[in-house]
Amino acid sequence: MKVVIGLHDVSSTSRLTDFLRTLFAFDIRVDLVVLSRVTGAAAQYGLPEASKLLFKRGVSFLILQDIGDYREIFSNYKIIQYSASKGRPISKMREIGMEPERENVLLLFSGSDAGFTSGEIIEGAVVIRLPEAPRELPPESALSLVLHMLSEKGE
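Heads up: the sequence shown begins at 134 in my numbering, then just goes up one per residue.
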């Protein structure tokens, strides 16, 4: 299984670095981190810091222009988007037919406080949320909850 983590639409340096630090708190092997629509301070100061953090841990990263690029590049991956307002509530990965040890997966989070817009939901993606969190979470919080579910391997 290959695991790719994506963060879309981030403008805050601290949000970007906190997201990556949260990712590194887990013992899950991540093959690639993808950042898209990085603007403002995150583009100017956050990307160099992110690059340094990822390089130190031996994780590759890719920068994309916008959300549509994910579908093109990761067409053979199961794409899972976290969206409290648009997602289906799940408690275990098996509820979406996820077989973590057999499938390549892209976990995609919104860096915006408002979450993904309807136009940012990727066609064919599985959109999830946690039943206990009906409102949008900061991306680092959503990431930690989804990684916890992934580490349980659907059990």
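Ideal Cβ positions, reconstructed from N, Cα and C, are used throughout, including at glycine. Please read all numbers here as calculations on a predicted model, not as lab measurements.
Are residue i and residue j closer than 8 angstroms when you measure CB to CB?
{"i": "residue 140", "j": "residue 222", "result": "no"}
{"i": "residue 183", "j": "residue 150", "result": "yes"}
{"i": "residue 220", "j": "residue 142", "result": "no"}
{"i": "residue 251", "j": "residue 202", "result": "no"}
{"i": "residue 216", "j": "residue 260", "result": "yes"}
{"i": "residue 282", "j": "residue 211", "result": "no"}
{"i": "residue 179", "j": "residue 155", "result": "no"}
On the premise that residue j lies in contact with residue i, defined as a C-beta separation below 8 angstroms, what is that separation, rounded to the nearest angstrom?
{"i": "residue 218", "j": "residue 248", "result": "6 angstroms"}
{"i": "residue 214", "j": "residue 266", "result": "Actually they are not in contact, since the Cβ atoms of residue 214 and residue 266 sit about 15 angstroms apart, beyond 8 angstroms."}
{"i": "residue 152", "j": "residue 270", "result": "Wrong, their Cβ atoms sit about 12 angstroms apart, outside the cutoff."}
Where does residue i fall in DSSP's three states?
{"i": "residue 201", "result": "helix"}
{"i": "residue 194", "result": "strand"}
{"i": "residue 173", "result": "helix"}
{"i": "residue 135", "result": "coil"}
{"i": "residue 167", "result": "strand"}
{"i": "residue 221", "result": "strand"}
{"i": "residue 161", "result": "coil"}
With 16 as the cutoff for other CB atoms within 10 Å, does residue i come out buried or exposed?
{"i": "residue 280", "result": "buried"}
{"i": "residue 134", "result": "exposed"}
{"i": "residue 198", "result": "exposed"}
- Query: In chain order, which alpha helix (DSSP H) runs of at least 4 residues are fully inside the stretch 224-270?
  - Reply: none
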